Amino acid sequence: MSNIEIEIYPDDQWVDRVTSRWAAFMEKEPAARLCLPTGSTPQAIYERAASTIDFARTEVFVLDEFGLPPGDPARCDEMLDRDLLSRMSRRPLNVHTLNPQAPDMTEECRRFATLVEAGGLDLTVLGLGRNGHVGLNEPGSAANSPTRVVQLRGSTIEDAGRYGSDVSPTWGVTLGLRQILASREIWLLVIGRHKAGILQRTLTEPIGRQLPATFLRRHPRTTVLADESAASLL
Ligand code: PGA
6 MSNIEIEIYP DDQWVDRVTS RWAAFMEKEP AARLCLPTGS TPQAIYERAA
56 STIDFARTEV FVLDEFGLPP GDPARCDEML DRDLLSRMSR RPLNVHTLNP
106 QAPDMTEECR RFATLVEAGG LDLTVLGLGR NGHVGLNEPG SAANSPTRVV
156 QLRGSTIEDA GRYGSDVSPT WGVTLGLRQI LASREIWLLV IGRHKAGILQ
206 RTLTEPIGRQ LPATFLRRHP RTTVLADESA ASLL
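Per the working numbering, the very first residue in the sequence shown carries number 6; after that it's consecutive.
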């Protein structure tokens, strides 16, 4: 049994439709606590949203971070800034990031998870990894996995190579599935034919650690927002 809802939009309408949906959400919850992903999937949404949605009362939490030096173009904090925050006329009240250079990473993960849990998340937006990861919760991650340091799998390392760095990260820090699944609402953004196979598997394979995105099917308010290319095998 699955609670997940699926909305499929024509490829050339996906950005408009998802941005409008986000604008409607923000109208209702202007002070929302948002957890946001980086990477290629949300880029066009962010470009549109930055100039059309008022985020001034929101609090933003980054979903994950790569083990790369500060300022590296493939860092999630850099991507979030480049793709969304730097384009806003009024920035969010607060933007919380994960610091992979913290002297004590256990403490850093605890700090971040405590901040998230203190008020919870109203909306968590996710991309879908080629191997079924959400955030950097790689295959093998349990539904109650905490915010933690993770070693990256081959396809994740390869895909991170597209984000503009000279070096590929081999590890990262991620919000745990425990905190993600506690979010009041979750949107899984999936675009492109190259994601069609993993989206189909996410929706049909047995729920379990081998494909962490399958845990979203147990969440009471998760919506997949896919374009027709990504939905072509459904
Ligand atoms: P992408 O990454 O948006 O760059 O395809 C998604 C992910 O790995 O979560």
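Positions of the beta carbon are idealized from the N, C-alpha and C atoms, including for glycine. In this text the structure is predicted, and so the values were computed from the model without any measurement.
Take LEU89, set aside five residues on each side of it, and the residues of its chain with a beta-carbon closer than 6 angstroms to its own are TYR51 and ALA55, in chain order.
Excluding sequence positions up to five before and after ALA148, its CB lies within less than 7 angstroms of the CB of LEU182, LEU186 and PHE220, all in the same chain and listed in chain order.
Taking the C-beta atoms as reference points, PRO174 is found nearer than 9 angstroms to ALA165. A contact is defined here as three or more CB-CB pairs under 8 angstroms, and the region 187-198 fails this definition with respect to the region 64-83. Annotation for ARG167 indicates a beta carbon within 8 angstroms of some heavy atom of ligand 1. The Cβ-Cβ distance between ALA218 and GLY159 does not fall below 9 angstroms. Scanning the region 112-188 from its first residue to its last, the whole beta strand (DSSP E) runs of 3-plus residues come out as 128-132, 153-156 and 176-179. Judged by DSSP in its simplified three-state form, HIS199 adopts helix. The three-state secondary structure of THR102, taken from DSSP, is coil. In the structure shown, THR228 adopts extended strand secondary structure according to DSSP, grouped into three states.
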